[in-house]
Amino acid sequence: MFNIYKFEIKKILKTKLFIGSFVIFLLALTGIYFLNFEVSRLNDNAQQVAKSHEGDFTDEKLKQIIDDYMVKFQDERKTGKYKLENNMDVYTWFIFDNFDKSSEDRNSYVKLDQAVKSGTTLRVKDIDLKKISDLNFPKFNKPLYTSSYYGWYDLYNATSMVIMAIVIFTIILLAGIFAGDTEKNINQILLTTKYGRSKLISAKILAGFTIANGIFILANLLTYAIFLYYSSSLGWNTSIQLNFMLEVFTFPVELNQFQVYILLLLLQFTGLLVISAITILLSSLSKASFPVLAISVGLYLLPLIFDKFNKPFLTKIGNLSLVKNQSVLEFLSIQDRVFISNNFQTNLLFLMLIFLSVALLSNIFVYQKEKRSYIK
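The sequence shown begins at 1 in our numbering and counts up by one.
Below you can see the structure in the form of structure tokens.
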């Protein structure tokens, strides 16, 4: 069995299709990393500011963060040291923007500029700030924890784009796992071999999932390594509600940014399993690889257009797909897109069980169908 399994993996990996699609896959990843990490990379100043303010997010901490920002903002302008590209404090800017009562008309910045011109120093007590409770954060046993979040926002965005590249690459490789043999008319020969109706079928299915899983793991390890290179792991323990770029202030579950990342990957992984299983199923039903490729990609992307029809039933069906749950904002709104309850954990578990069940049933169908295939 193991030798057949290794043979099936090598059969996929040694094709020109794999080499060509792998090169395109790497180019796609390079583009994703460039857009999400290189173009929007943080400077060291932003990380240092976030690190200096790590801790429980209280009203006192909020005032300290904004007061430090205001003093530094004014001091650097008075001394002529301020340069936007070097001093952009993303961490505090988004916090200030969300808690400043006059953020819409930028009145506080007008006051800061006036203070610089007059030689005085404006402090946090001189402006109107919202309280933490005004943003309706959920209350847990411990206060929310603040640290860096901008780099994690980039990681989430990159991860939601990487999964699309992984899915397309996987579909390309698995489309011919059965249909390729039918296309070459060697399936009839394989069915007559000793293990043609048992171990060979299992080996093909197992090889397909091994390749899909391998692509997923390697691509996401690479993504995380690139993230660490550009941003470091600072902020892993930041409460997800305090990622001010996501603006999920009312998210009801106590999770930090790293936990959200892991759960997002788990959901994407189970989604990839069902996409792989459906592709293998279609391959077993088809006589050619290209129709499998086209239909699988179409099924993966189809839920994106369901909302256009304004039909609640189609929207609910679409909400049970990978493509509608692969970004972090979609993931964090699972409790709002009712599946069986308004509970985040329940809906997440339900969705993952749906993915795993469909994948399992598809594999059982493929095995039984191939086992009963007739010889012409």
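Glycine included, C-beta positions come from ideal geometry on N, C-alpha and C. Only a predicted model underlies this, so the values are computations on that prediction, with no experimental measurement involved.
- When secondary structure is reduced to three states using DSSP, Leu155 falls in the helix class.
- Our two residues, Lys371 and Pro138, have alpha carbons roughly 54 angstroms apart in a direct line.
- Secondary structure note for Lys125: it is in no alpha helix (DSSP H), with a DSSP letter that is neither H nor E.
- For the set Val90, Phe99, Met70 and Thr92, the Cα lying nearest the Cα of Val110 is the one of Met70.
- Of the candidates Pro143, Asp126 and Ile127, the residue whose Cα lies closest to the Cα of Ser133 is Pro143.
- As DSSP reads the structure, Gly55 sits in a beta bridge with Thr146.
- A direct Cα-Cα distance of roughly 27 angstroms separates Ser239 from Lys125.
- Ranking Gln257, Phe94, Leu264 and Leu314 by CA distance to the CA of Phe331 puts Leu264 first.
- Remark: fewer than three beta-carbon pairs, one from each stretch, lie closer than 8 angstroms, so the segment 247-254 and the segment 157-175 are not flagged as touching.
- DSSP places Asp67 in the helix class (H, G or I) of the three-state scheme.
- Looking at the backbone, the Cα of Lys72 and that of Asp105 are separated by about 22 angstroms.
- For Gly55, the number of other beta carbons within 10 angstroms of its own is below 16, and it is reported as exposed.
- Under DSSP, no beta-bridge partner is assigned to Asn325.
- In this structure, the alpha-carbon of Asp113 lies about 11 angstroms from that of Asp75.
- Taking the C-beta atoms as reference points, Ala225 is found no nearer than 8 angstroms to Phe37.
- DSSP places Asp97 in the helix class (H, G or I) of the three-state scheme.
- Here Asn342 is exposed, its C-beta having fewer than 16 other C-beta atoms within 10 Å.
- The alpha carbon of Ser284 has as its nearest neighbour, out of Ile364, Lys324 and Ile215, the alpha carbon of Ile364.
- If you keep only unbroken alpha helix (DSSP H) runs of at least 4 residues inside the segment 298-374, you get 312-318, 328-331 and 344-371.
- The beta carbon of Leu293 sits closer than 7 angstroms to those of Ile171, Ile172 and Ala175, all from its chain and outside the five residues before and after it, given in chain order.
- Nearest Cα to Leu129 within the set Asp67, Lys10 and Leu242: Asp67.
- Ser103 sits in coil when the DSSP states are folded into three classes, being neither helix nor strand.
- Under DSSP, Ser239 forms a beta bridge with Asn256.
- Leaving aside the five residues that flank Val116 on each side, the residues in its chain whose CB is nearer than 7 angstroms to its CB run, in chain order, Gln74, Arg77 and Lys78.
- Membership of Val23 in the alpha helix (DSSP H) is indicated by the continuous run Lys16 to Tyr33.
- Rounded to whole angstroms, the separation of the alpha carbons of Leu299 and Lys10 is 28 angstroms.
- When the Cα atoms are used, Met352 and Leu267 turn out to be separated by approximately 6 angstroms.
- Contact check for Ser148 and Leu62: beta-carbon distance about 16 angstroms, past the 8 angstroms limit, so the pair fails to qualify.
- Burial is judged here by how many other beta carbons sit within 10 angstroms of a residue's own beta carbon; Pro312 has fewer than 16 and is exposed.
- In the structure shown, Asp89 adopts coil according to DSSP, grouped into three states.
- Under the three-state reduction of DSSP output, Gly271 falls in the helix class.
- In its chain, beyond the 5 residues on either side, Ala165 and Phe169 have a beta carbon closer than 7 angstroms to the beta carbon of Phe25.
- The alpha-carbon separation between Leu356 and Ala46 amounts to approximately 41 angstroms.
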